[in-house]
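Residue numbers (this note's numbering): 985 to 1282. Glycine included, every Cβ here is placed at the ideal spot set by N, Cα and C.
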Amino acid sequence: MTKYQIFTDSSCDLNKELRNANDIQYFYFGISVDGVEYHADLDWKDYTPEQFYGWLSEGRKIKMAQLTFREAVHKMRPYLEKGIDIIYMSCSSALSGSINSFMIAEQQLLEEFPDRKIIGVDTLAASVTLGMMVLDASKKQKEGLTIEQLHKWVLDNRFYYNQFATVDTLTYLRASGRIKGLTAFFGNIMGVKPIFISDRKGNNFAINKVKGTKASLNELFNGIKNSMVKNETREVFIGQGMALNRAELLKKRIEEELNLPVIIVWIGPIVGTTCGPGVLATFCRGKEVTRYEGDGLK
């Protein structure tokens, strides 16, 4: 079987330890802070997560940039030169145009390397939803799936990853325009928190609103509890952006009541810019996602 490399991108929120342990590479997205450009680096090389979320809290002007043609070519070329094929599991096309940039780079590189295979697959996911899918894809690769078989596996399995998230304020969600269903909220009502998920079209949208931190933690816990599938839900991820205390409370409850191991990770710069400080989310593989944006808050 021809060797191939799995790529994802900055939206996956997988830390270095998880990526290295599973031989996963990623393409940088970009951010700019008051006009200064940085990589959306999941290893926080140029700034710490505390510094990044501090910038958001201070109201610094932060913009996001999707995968560029140049970045895609730069990262893929060394693998193709070694005879290694590539599959890219991308951020949802409903949230980013990165899959399109990749396809342009793919076309050019295939002209240079006509014997290689380069596959881009729209996962219709982002954040740790995408990250968990990539980790499972790596396991399937180790089990012996060819690149074509893995491509089919992603398409067949991408709707079995569940996400339940909340934020401290709607300010960043409104600014990003990437969360649907927020018209049900009239301003930043004190203590009211949205609960949002990812749907079958790759959109994030609000499905509920609750009052207070305790209620929001219950929603994130119950989301996992109600999405579990025996022999499929083997672990739970919690993503957090300056919400570690709440993440630890959730972790303890999930481990005690659901008897599942829990991994806590930082929400990275791309998703963090969208959601802001205080973002907290739970993720698991489980029941099939069947909802669409129209099922959300009215």
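In terms of Cα proximity to asparagine 1188, the closest of Ala1265, Val1194 and Ala1227 is Ala1265.
Contact check for alanine 1078 against glycine 1223 fails: the beta carbons are separated by 8 Å or more. Inside the region 1063-1088, DSSP marks no whole alpha helix (DSSP H) run of 4 or more residues. With respect to the 8 Å criterion, alanine 1109 and tyrosine 1144 are not classified as neighbours on the basis of their beta carbons.
Cβ-Cβ distances below 8 Å link valine 1176 to Phe1169, Lys1193, Val1194 and Lys1195 in the same chain, with the five nearest sequence neighbours on each side left out; the list follows chain order. Ranking Lys1235, Asn1229 and Asp1183 by CA distance to the CA of asparagine 1206 puts Lys1235 first. The alpha-carbon separation between lysine 1000 and aspartate 1007 amounts to approximately 10 Å. Taking C-beta atoms as the reference points, arginine 1218 and valine 1273 fail to come closer than 8 Å.
Burial is judged here by how many other beta carbons sit within 10 angstroms of a residue's own beta carbon; glutamine 1035 has fewer than 16 and is exposed. Exposed is the label assigned to glutamate 1216, since fewer than 16 other Cβ atoms lie within 10 Å of its Cβ. Beta-bridge analysis with DSSP links lysine 1177 to Val1194. Leucine 1051 sits close to phenylalanine 1011, with the two beta carbons spaced by under 8 Å. Per DSSP, the continuous beta strand (DSSP E) segment holding leucine 1108 begins and ends at 1102-1109.
In the structure shown, tyrosine 1010 falls within a strand segment according to DSSP collapsed to helix, strand and coil.
CA-to-CA, the gap between lysine 1209 and glutamate 1203 works out to about 10 Å.
Asp1018 is the residue among Asp1018, Pro1178, Tyr1022 and Gly1252 whose C-alpha sits nearest the C-alpha of glutamate 1042.
Cβ-Cβ separation between glutamine 1009 and lysine 1059: approximately 7 Å, consistent with a contact (criterion under 8 Å).
Taking alanine 1089 as the centre and dropping the five residues before and after it, the same chain places the C-beta of Phe1053, Ala1056 and Val1057 closer than 6 Å to its C-beta, in chain order. The C-beta distance from valine 1118 to glycine 1260 rounds to 25 Å, too long to fall under 8 Å, and the pair is not in contact. Under DSSP, glutamine 1125 forms no beta bridge with any residue. By the criterion of a C-beta distance shorter than 7 Å, asparagine 1229 is surrounded by no residue of its chain, once the five residues flanking it on both sides are discounted. Exclusion of the five residues before and after valine 1246 leaves Glu1219, Val1220, Phe1221, Ile1222, Leu1234, Lys1235, Ile1238 and Glu1239 as the residues of its chain whose Cβ lies within less than 8 Å of its Cβ. Annotated three-state conformation of isoleucine 1238 is helix, per DSSP. The C-alpha of phenylalanine 1097 is placed about 43 Å away from the C-alpha of arginine 1044.
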